[in-house]
Each structure stands twice: as C-alpha cells, then as structure tokens.
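Novice: Have a look at this one before I ask anything.
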Amino acid sequence: MTTEFHPVQVDSFVQRPNLPSEVTLRAYEVYCELWGEQPAMVDLVGHGCRGGFSVRELVAMLYARSFPKGEWRMRFDEAFRSRP
Numbered sequence: 685m686t687t688e689f690h691p692v693q694v695d696s697f698v699q700r701p702n703l704p705s706e707v708t709l710r711a712y713e714v715y716c717e718l719w720g721e722q723p724a725m726v727d728l729v730g731h732g733c734r735g736g737f738s739v740r741e742l743v744a745m746l747y748a749r750s751f752p753k754g755e756w757r758m759r760f761d762e763a764f765r766s767r768p
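Here it is, written out as structure tokens:
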C-alpha cells in the first residue's frame, strides 16, 4: 500500500507534498465542519484553490479535533490566535 501525500503551505503559497493524507484528512474534517466542503484543499483539483493548508492552520485544526466536535470552533480559534 502506498501512502498518499498532500501539500502544505510553508512559505507564501509554496507547496510541498510532505504530509501523509492521514494527517491532512483529519484536519480537513475540522475544516469541513467549520467552513464546509472544499475538496480542492486536499486533492488540488479545481481552479482558484490555494492548494493545501498552512502549517498554522494544520496545527489549529488538529488541536481542535482532539476535543468534542461541539468545541471545534472555539478550540480552532483559540489555537489559531495563539502565538509562540
């Protein structure tokens, strides 16, 4: 079985296919709950899509996903606002 990889924006819309789909699809589950489906975020098919999540978005979505679904919005906002 071959692992599929999805791009991650690492610098101003630069895309590098460097995360396994198991990770990006978990983040996409949160994305869908918060903003609705946009498959081009992970499959890169479609015009006008930026093609992948930023590292900051991924961290915030994966953090949110570790809580009950009813808290995802609050937890995403909490993590996305946080600065090191």
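First residue of the sequence shown: 685, per my numbering; consecutive thereafter. The beta-carbon is built from N, C-alpha and C at its ideal position, and this holds for glycine as well. Source: prediction; values computed, not measured.
#1: Anyone know if the C-beta pair for R765 and L718 falls short of 8 Å?
#2: When you compare only the Cα positions, how much space is there between A711 and T687?
#3: Quick check on this structure: which residue in V726, M745, F751, R749 has the alpha carbon closest to the alpha carbon of L704?
#4: Who are the Cβ neighbours of V692 in its own chain at under 7 Å, not counting the five residues just before and after it?
#5: Does the separation of the CB atoms of R749 and E713 fall below 8 Å?
#6: Assuming F751 is part of the alpha helix (DSSP H), what are its boundary residues?
#7: Relative to the C-alpha of M745, which residue among P723, C716, Q722, A724 is closest?
#8: Are the Cβ atoms of Y747 and A724 separated by less than 8 Å?
Specialist: Reading off the structure:
#1: Along the sequence shown, read from residue 1 onward, the residue named residue 765 stands at position 81. Along the sequence shown, read from residue 1 onward, the residue named residue 718 stands at position 34. It is not a contact, given that the beta carbons lie outside the stated cut-off.
#2: The residue given as residue 711 occupies position 27 in the sequence shown. The residue given as residue 687 occupies position 3 in the sequence shown. Rounded to the nearest angstrom, the two C-alpha atoms are 17 Å apart.
#3: The residue labelled residue 704 in the question sits at position 20 within the sequence shown. Note that residue 704 corresponds to Pro in the displayed sequence, not to Leu. Considering only V726, M745, F751, R749, the residue with the shortest C-alpha distance to P704 is V726.
#4: Residue numbering aside, residue 692 sits at position 8 when the sequence shown is read from its first letter. Cβ within range, chain order: R700, N702, L703, G736, F737, V739, L742.
#5: Residue numbering aside, residue 749 sits at position 65 when the sequence shown is read from its first letter. Residue numbering aside, residue 713 sits at position 29 when the sequence shown is read from its first letter. For R749 and E713, yes; Cβs fall inside 8 Å.
#6: Position 67 of the sequence shown, counted from the first residue, corresponds to residue 751. Note, F751: premise wrong, no alpha helix (DSSP H); not H, not E.
#7: One-based indexing of the sequence shown puts residue 745 at position 61. The shortest Cα separation from M745 among P723, C716, Q722, A724 belongs to C716.
#8: By one-based count along the sequence shown, residue 747 stands at place 63. By one-based count along the sequence shown, residue 724 stands at place 40. Taking C-beta atoms as the reference points, Y747 and A724 fail to come closer than 8 Å.
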